[in-house]
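Below is one structure, written out as structure tokens; the observations come after it.
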Amino acid sequence: MNVAASPLSVIAGTPTGSATALAAVLHGLEPHLVQVEVTCSRGPGGFQLVGLAEAAVKESRVRVSGALAHLGVLLNEYAVTVNLAPADLRKSGAALDVAIALGTLAAVGRLEPSSLHGVLFIGELSLDGALRPVTGVLPRLNGAASEGVRSAIVPPGNAAEAGLSRGVQVLVAGTLQRILEHLSGQRLLATLPPTKLVPQPSLTQGDLAEVRGQTSARRSLELAAAGAHNLLLLGPPGSGKTLLARLLPTVLPPLDVEEAIECTTIHSVAGTLPSSTGVVTERPFRAPHHSVSDAGLVGGGDLPRPGEVSLAHHGVLFLDELAEFRRSAIEALRQPLEDGRVCIARARARAWFPARPLVVAAVNPCPCGHWGHPRLTCKCSEFERKRYRARLSGPLLDRIDIHVQAPPVEVAALMRRSGGESSARVRERVTVARERQKHRSERLFGAPHLNASLPARYLEAIVRLDDASRSLLEDAVPRLGLSARAFNKILRVARTAADLEGEAEVLERHVVEGVQGRVLDREPTL
Ligand SMILES: [Zn+2]
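Going by numbering that gives the first Met the number 0, 518 is the number at position 519 of the sequence shown; the sequence numbering is gapless.
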């Protein structure tokens with residue numbers, strides 16, 4: 000239809016065309032395809048966006064009209080209706096911009112509507128029509144692939160993670176203009192080659208060789224890493240608890256490719272992918288401040304976002320000053336740590352995120368930090384000390400297998416090169432011990448558990464105590480007032496100590512290590 004020739008056609012409401020472009024939204028990690036249906040009429044009528052769009056989607060009107068003006072299409076000359084279907088699905092974020100813009104371009108006749116078929120569009124637009132990176136590209140692509148979508152166009156800033164997707168041809172475009180050229184067949188975009196993901200050992204936090212002294216704390220890092228045991232470091236300020244915690248990732252084996260992709264997906268949704276690589280290659284280390292909100296720690300929000308416990312998935316979650324965390328935040332950690340995932344239920348959406356970090360907590364021995372110090376005097380009353388300790392008990396402590404004391408060491412001495420064993424050496428032993436556990440568990444129980452997460456009913460089958468170990472425990476249990484739960488933790492840690500040595504059976508010295516890991520049960524010695 001030649002609109003300029005017919006005076007009637009400029010009346011608002013006269014249809015000029017319609018088109019549909021494909022986009023995707025996320026609820027948690029779960030992708031949903033969205034049909035962006037655009038209808039345009041000649042004449043001023045404004046820009047209507049319907050279909051349960053959140054504020055950020057509504058703002059796309061401004062960005063899309065800016066980007067289209069750059070291509071010579073002035074939206075105020077049209078009445079545009081954009082319907083996001085299905086209507087009952089919540090849509091959020093700026094990632095729908097590109098699909099809305101292309102649907103509009105096709106509806107006003109700048110593009111053949113059929114050229115949009117079967118292509119997923121992901122990206123935010125700047126006012127001059129450039130494609131900006133968005134969060135959650137990898138899960139959107141994988142979701143689209145599973146729905147049979149064959150091709151997708153993403154912003155250059157998302158190329159690294161997009162290259163990890165499987166089953167969909169990914170193209171990268173820097174501008175809306177460039178997508179127009181591609182879809183009209185003038186100049187095709189090149190297919191993005193797959194990203195080669197090479198997981199690395201975590202070396203950014205330092206090296207264990209830098210730690211002087213702290214023999215028992217070093218050993219506890221090795222045990223924690225080998226059996227995936229949660230760890231509590233108890234010691235005065237300046238004992239290097241934070242340094243020790245930061246070094247735990249360095250003795251863990253590198254992520255495997257599947258784990259790295261899982262971490263990349265979570266960090267992609269959270270918008271916390273490392274800018275240097277664009278993908279996660281190292282085990283994450285997360286150290287939220289004790290003032291963190293419950294939602295910040297476990298995830299939440301109206302549009303569910305992963306919390307620290309999920310951002311630390313497959314890595315280390317460090318809770319420094321554990322006693323200072325809000326009780327509710329620590330309570331909120333209980334279920335995720337039990338289940339290995341977080342579920343966030345909202346009125347219109349339910350999201351879940353994986354959450355399987357190794358937890359390291361650090362605490363002072365008392366509020367002033369000097370209780371038990373060889374030189375300094377504790378200023379706390381007995382009541383204050385007791386109340387402080389009481390704050391530590393509860394759901395999180397129940398999930399910690401090893402408590403270890405980090406005695407005060409001058410920071411300078413701690414940092415001096417001591418020629419101690421390097422992280423790489425410890426990591427080798429840890430890796431072998433982990434393989435041993437997985438093989439055994441696979442063979443006996445059909446699943447590759449590490450000792451910390453092995454179901455309790457299987458413990459007896461992998462820890463057969465000799466007479467010496469048995470009498471040692473019979474003596475220790477009543478003396479330390481150990482619960483059945485603590486008893487099981489001793490067996491798990493003892494099993495890990497034996498696995499680190501390649502011992503088939505748990506021996507007395509391994510049980511001793513398990514018992515030594517119950518510092519908080521041995522109250523009087525502190
Ligand atoms: Zn004190």
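Glycine included, each C-beta is placed from N, C-alpha and C at the ideal position. Quick caveat, the model's predicted, so the values are computed rather than measured.
Residue i: CB within 7 Å of a non-hydrogen atom of ligand 1
i, result
"P200", "no"
"G368", "yes"
"K378", "yes"
"L262", "Note on residue identity: the sequence assigns Cys, not Leu, to residue 262. No, the beta carbon of C262 sits no closer than 7 Å to any heavy atom of ligand 1."
"C365", "yes"
Inter-residue CB distance, residue i and residue j (contact presumed, cutoff 8 Å)
i, j, result
"T430", "P235", "Actually they are not in contact, since the Cβ atoms of T430 and P235 sit about 33 Å apart, beyond 8 Å."
"V315", "G306", "Between G306 and V315 the Cβ distance is about 15 Å, and since that is not below 8 Å, they are no contact."
"A23", "P112", "The Cβ separation is near 19 Å, so there is no contact."
"R109", "L51", "That pair is no contact at about 28 Å."
"E221", "R442", "Rounded, the Cβ-Cβ distance is 24 Å, inconsistent with contact."
"L48", "V61", "Not a contact, Cβ separation roughly 11 Å."
"I401", "V492", "6 Å"
"L28", "T264", "6 Å"
"E261", "P353", "6 Å"
"R245", "G205", "6 Å"
"H266", "L332", "With a Cβ gap of about 20 Å, H266 and L332 do not count as contacting."
"L247", "A224", "6 Å"
"S422", "L230", "Not confirmed; about 16 Å, so no contact."
"R131", "G162", "In fact, because the Cβ distance is near 18 Å, the residues do not count as touching under 8 Å."
"V505", "R463", "7 Å"
"D301", "R345", "7 Å"
"G270", "T134", "4 Å"
Below-8 Å beta-carbon distance, residue i vs any chain E residue
i, result
"E261", "No chain E appears in this structure, which consists of one protein chain only."
Which runs of the beta strand (DSSP E) at least 3 residues long sit entirely within the region 143-173? Give them in chain order.
Under the rule that a run must span 3 or more residues, the beta strand (DSSP E) segments found entirely inside the region 143-173 read 150-153 and 168-171.
Note down, one range per segment and in chain order, each beta strand (DSSP E) of at least 3 residues found wholly within the region 321-398.
The region 321-398 contains these whole beta strand (DSSP E) runs: 340-344, 349-353 and 357-362.
**Study point:** Cβ pair count under 8 Å reaching 3, the region 188-195 against the region 162-178
**Key:** Touching, per the Cβ criterion.
Minimum length 3: unbroken beta strand (DSSP E) runs contained in the region 282-321: Whole beta strand (DSSP E) segments, 3+ residues: 315-319.
Notebook entry, point to check: If we count Cβ pairs, one from each stretch, closer than 8 Å, do we get three or more for the region 144-155 versus the region 111-128?
Noted result: Touching, per the Cβ criterion.
*asked:* Under 8 Å, with one C-beta from each stretch per pair, do the region 479-496 and the region 510-517 reach the 3-pair mark?
replied: Enough Cβ pairs lie closer than 8 Å, so yes.
| task | Pick out the complete beta strand (DSSP E) segments inside the region 81-137, 3 residues or longer, and give them in chain order. | result | Segments of the beta strand (DSSP E) lying fully in the region 81-137: 118-120.
- What alpha helix (DSSP H) runs, 4 residues minimum, are completely inside the region 26-74? Qualifying alpha helix (DSSP H) stretches, in chain order: 54-57 and 59-69.
Write down every uninterrupted run of the alpha helix (DSSP H) in the region 402-477 whose length is 4 residues or greater and which is fully enclosed by it, in chain order. Taken in chain order, the complete alpha helix (DSSP H) segments of 4 or more residues contained in the region 402-477 are 410-414, 422-444 and 458-461.
Next on the checklist: Please give the ranges of any alpha helix (DSSP H) in the region 489-522, keeping only runs that are unbroken, at least 4 residues long and fully inside the region.
Outcome noted: 507-515, all fully within the region 489-522.
Query raised in the report: At a cut of 8 Å, does the region 457-474 reach the region 383-397 through at least three beta carbon pairs?
Result: The answer is no - the region 383-397 does not touch the region 457-474, with fewer than three Cβ pairs under 8 Å.
Just list the beta strand (DSSP E) runs in the region 215-262, keeping only unbroken ones of 3 residues or longer that don't cross its boundaries, in chain order. The qualifying runs are 230-233.
task: Check whether the region 66-75 touches the region 30-38, counting contact only when three or more Cβ pairs, one atom from each stretch, lie closer than 8 Å.
output: A contact is defined here as three or more CB-CB pairs under 8 Å, and the region 66-75 fails this definition with respect to the region 30-38.
- Does the region 37-47 touch the region 75-83, meaning 3 or more C-beta pairs lie closer than 8 Å? Touching, per the Cβ criterion.
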